[in-house]
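Q: The numbering used here puts the first residue of the sequence shown at 4, with every later residue one more than the last. Note that the Cβ used here is the ideal one computed from N, Cα and C, for glycine as well. To start, I am sharing the structure in question, which I have written as structure tokens.
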Amino acid sequence: METENINHEFLDGVLEGHHPDVYYHFGVSSEDAILDPLREVKAIVMAGSGGRIKEFADFWSAANGDSPIVAFPKEDRFVTRYTAGVLFASHGMGMPSASIALQELMRMAFFLKDGDLDALDEVFWARVGTSGGVGLPGGTVVLSSEGLMADLRPFRLLRGLSGEYWFDGAFPEATRQAILDANADAGIPLETGKTVAGNEFFLEQYRLDGALRLESHETKMTWLQWLYDSGVRNIEMEGAMIAGYLNHWGFSKFAMICTTLLNRLEGDQVTASPEELHRYSEDSGVVLFNYLKSSLLPADGE
Ligand code: URA
């Protein structure tokens with residue numbers, strides 16, 4: 004872990020009992036007993052929608068002998084469930100929303116692991132979601148190797164007085180390989196590649212079907228081809244920030260697993276049927292759970 008990048012000035016005071024940490028958007032604080040069972044957390048799984056979080060938690064509970072599910076009371080921003088060592092949390096859409104969820108979850112993880120950096124580094128993080136494929140048909144699950152912004156440069160934020168804060172968007176290779184190994188027999192089309200996180204579903208993804216249209220067919224195809232030639236295989240809205248913040252603290256186990264809903268080289272609108280969309284969404288969950296089972300559940304006979 005990169006301890007110098009952790010906000011010890013604020014977070015150590017929580018451990019020392021000087022002040023609580025209020026995870027406002029999750030509706031809980033470090034002083035709430037609801038967090039007690041979460042000290043055992045081994046994985047933190049994020050997804051855009053609250054509905055998926057509930058489905059994930061139900062599935063993981065059933066896979067673990069109907070283990071009890073803890074639900075945080077506040078759900079107007081993010082939906083959260085904890086069961087059998089996994090904290091599932093929604094993050095909404097886009098990097099501004101997801102950055103709030105992630106920063107509060109990182110603070111929570113620091114508190115839950117009592118500031119023990121080795122224990123913290125054992126925690127696996129994942130975002131599971133949907134994306135637009137670049138040269139891949141709908142229904143392909145992409146494991147991201149790197150998260151970049153629409154200009155193929157890493158995630159950065161405005162630093163008001165002087166320039167920008169920059170982050171490292173790499174996803175760890177060893178985790179990606181472990182997920183691939185766990186899914187070798189899954190029968191799901193799996194690809195690895197770079198992922199672009201757009202700040203906008205329409206404009207920063209060069210769609211021509213938004214209310215605003217600032218690009219032409221030619222500039223759109225030039226951008227998409229540039230992405231493809233640069234090794235980008237999908238486009239979503241959170242990964243560059245998520246990798247950037249997790250790298251900033253120095254976590255070593257994290258991944259992004261996103262199904263493609265369409266091939267952006269062929270169009271802009273998501274026209275897959277409800278049945279197809281359901282299957283696409285299930286498949287990224289299967290890839291995640293195959294990995295969680297291989298890494299968190301005891302092997303047969305143990
Ligand atoms: N999510 C995105 O951000 N873009 C797509 O094209 C599909 C899902």
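Heavy atom of the ligand URA less than 7 angstroms from the Cβ of Q208, yes or no?
A: Yes; taking the cut-off as 7 angstroms, the Cβ of Q208 has a heavy atom of the ligand URA nearer than that.
Q: Could you tell me which of Y26, L230, E241 and M4 sits nearest to L139, measuring between CA atoms?
A: Per the Cα distances, L230.
Q: Can you name the start and end residues of the alpha helix (DSSP H) that A258 belongs to?
A: Element bounds for A258: not the alpha helix (DSSP H) but the beta strand (DSSP E), F257 to N266.
Q: Count the CB pairs spanning the stretch 218-237 and the stretch 263-270 that are closer than 8 angstroms, and state whether there are at least three.
A: Yes, since at least three Cβ pairs between the stretch 218-237 and the stretch 263-270 fall closer than 8 angstroms, the two stretches touch.
Q: Among the residues of its own chain, which have a CB less than 7 angstroms from the CB of I103, if the five just before and after it don't count?
A: Result list for I103: H28, in chain order.
Q: Would you kindly check if the distance between the Cβ of G68 and the Cβ of L299 is under 8 angstroms?
A: No.
Q: Counting only the same chain and skipping the five closest in sequence on each side, list residues whose C-beta sits under 8 angstroms from that of H22.
A: Closer than 8 angstroms at the Cβ level, and outside the excluded window around H22, lie G16.
Q: Check whether the stretch 160-178 and the stretch 241-253 are in contact - that is, three or more C-beta pairs closer than 8 angstroms.
A: The stretch 160-178 vs the stretch 241-253: in contact.
Q: If you follow the beta strand (DSSP E) that E149 is part of, which residue opens it and which one closes it?
A: Run containing E149: V144 to L151, per the beta strand (DSSP E) assignment.
Q: Looking only at its chain, what residues have a beta carbon closer than 6 angstroms to the beta carbon of Y209, apart from the 5 residues adjacent to it on each side?
A: Counting only Cβ-Cβ distances below 6 angstroms, and skipping sequence neighbours, we find E218, K223 and W226.
Q: Below 8 angstroms CB to CB, which residues in the same chain sit around D212 once its five sequence neighbours on both sides are set aside?
A: Around D212: F205, D271 and Q272.
Q: Who's in the neighbourhood of the ligand URA, going by beta-carbon under 7 angstroms from any heavy atom, listed in chain order?
A: Chain-ordered list of matching residues: T133, S134, G135, G201, F204, Q208, I238, E239, M240, L264, L265, R267 and V273.
Q: Can you tell me which of N202, G141, M109 and L280 puts its alpha carbon nearest to the alpha carbon of G253?
A: Selected option, being the one with the closest Cα: M109.
Q: If you pair each beta-carbon of the stretch 43-57 with each one of the stretch 131-138, do three or more pairs fall below 8 angstroms?
A: Yes, since at least three Cβ pairs between the stretch 43-57 and the stretch 131-138 fall closer than 8 angstroms, the two stretches touch.
Q: Taking the CB atoms as reference points, tell me whether R236 and E194 lie closer together than 8 angstroms.
A: Yes. Within cutoff.
Q: Mind pulling the alpha helix (DSSP H) runs of 4 or more residues that sit fully within the stretch 51-103?
A: If we require 4 residues or more, the alpha helix (DSSP H) runs fully inside the stretch 51-103 come out as 53-66.
Q: Following the continuous alpha helix (DSSP H) through R282, name the residue where it begins and the one where it ends.
A: Its alpha helix (DSSP H) spans residues P277 to L299.
Q: Start and end of the alpha helix (DSSP H) containing N250?
A: G242 to W252 is the extent of the alpha helix (DSSP H) around N250.
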